[in-house]
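Participant: The structure is given below, and queries will be raised subsequently.
Right, here's the structure in full:
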């Protein structure tokens, strides 16, 4: 839904010193960072065509076990769109470079999401996520990154060519 596209828009109200900090946030900095969901919600709900997505913006950091923020909602109290988006957002966060850490491999991120099933994430959503073959995720990554059909350097003198249908073939490099 529309809320997923703008889920972190509220971060425009968070100081760069906190957003870009390379180390762990202090409890005070974490409290400031958590306000981004309320800032985003207040911005999005003003536009009538975006109002349905405002709930995702507000609740995408709620946890299935009720330990999330801002409301401490649990299980089905959390809108389904936010429960689904929480898994997608976490996968993206873990597999992307951050100022404070390197990107994790997909397999590590997947294992962590499985581990958090029933705590951070809705077990039904995690089960749906796990049922998607890793090859499909690779194709999605290539599609959104614009790399489909490009040669991707893997190791010296070897490249992996990703074809339009997601097949890969080793090819010698000059």
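Numbering (this note's numbering), first residue to last: 15 to 188. Backbone N, C-alpha and C fix where the C-beta goes; we use that ideal spot for every residue, glycine too.
1. Going along the chain, which unbroken runs of the alpha helix (DSSP H) with 4 or more residues stay wholly within the region 106-143?
2. Return the Cβ separation of residue 137 and residue 145 in integer angstroms, given the expectation that the two are a contact with Cβ distance under 8 Å.
3. Please report the distance separating the alpha-carbon of residue 34 from that of residue 59.
4. Between which residues of its own chain and residue 86 is the CB-CB distance below 7 Å, once the five residues before and five after are set aside?
5. Applying the 10 Å Cβ sphere with the 16-neighbour rule, what's the burial state of residue 123?
6. Within 10 angstroms of the Cβ of residue 148, are there 16 or more other Cβ atoms? Answer buried if so, exposed if not.
7. Only counting the same chain, and skipping five residues up and downstream in sequence, which positions put a Cβ closer than 6 Å to that of residue 48?
8. Here's the rule I'm using: 16 or more other beta-carbon atoms within 10 Å means buried, otherwise exposed. How should residue 37 be labelled?
9. Can you check whether the CB of residue 105 is closer than 8 Å to the CB of residue 127?
10. Which of the three DSSP states is assigned to residue 59 in this structure?
11. If we ignore side chains and look at the alpha-carbon of each, how far apart do residue 133 and residue 116 end up?
12. Quick one: Cα of residue 61 to Cα of residue 72, how far?
13. Consult DSSP for residue 76 and reduce its assignment to one of helix, strand or coil.
Facilitator: From the atom records:
1. 120-129
2. Mapped onto the chain shown, residue 137 falls at position 123. Mapped onto the chain shown, residue 145 falls at position 131. Not a contact, Cβ separation roughly 13 Å.
3. Working through the chain shown from its first residue, we reach residue 34 at position 20. Working through the chain shown from its first residue, we reach residue 59 at position 45. Spanning the two alpha carbons is a distance of roughly 27 Å.
4. Working through the chain shown from its first residue, we reach residue 86 at position 72. Excluding positions up to five away in sequence, the list reads 80.
5. Here residue 123 is taken as the residue at index 109 of the chain shown, counted from 1. Residue 123 should be labelled buried.
6. Here residue 148 corresponds to residue number 134 of the chain shown, with the count starting at 1. By the 10 Å Cβ count, residue 148 comes out exposed.
7. In the chain shown, counting from the first residue as 1, residue 48 sits at position 34. Only 83 meet the Cβ criterion.
8. The residue given as residue 37 occupies position 23 in the chain shown. So residue 37 ends up on the exposed side.
9. For the purposes of this step, residue 127 is identified with residue 113 of the chain shown, where counting begins at 1. For the purposes of this step, residue 105 is identified with residue 91 of the chain shown, where counting begins at 1. Cβ distance < 8 Å, so residue 127 and residue 105 count as in contact.
10. Position 45 of the chain shown, counted from the first residue, corresponds to residue 59. Residue state, collapsed to three classes: coil.
11. Here residue 133 corresponds to residue number 119 of the chain shown, with the count starting at 1. Here residue 116 corresponds to residue number 102 of the chain shown, with the count starting at 1. Answer to the nearest angstrom: the Cα atoms are 25 Å apart.
12. Stepping through the chain shown from its first residue, residue 61 is reached at position 47. Stepping through the chain shown from its first residue, residue 72 is reached at position 58. Their backbone Cα atoms lie some 15 Å apart in a straight line.
13. Locating residue 76 in the chain shown gives position 62, counting from the first residue. Three-state result, residue 76: coil.
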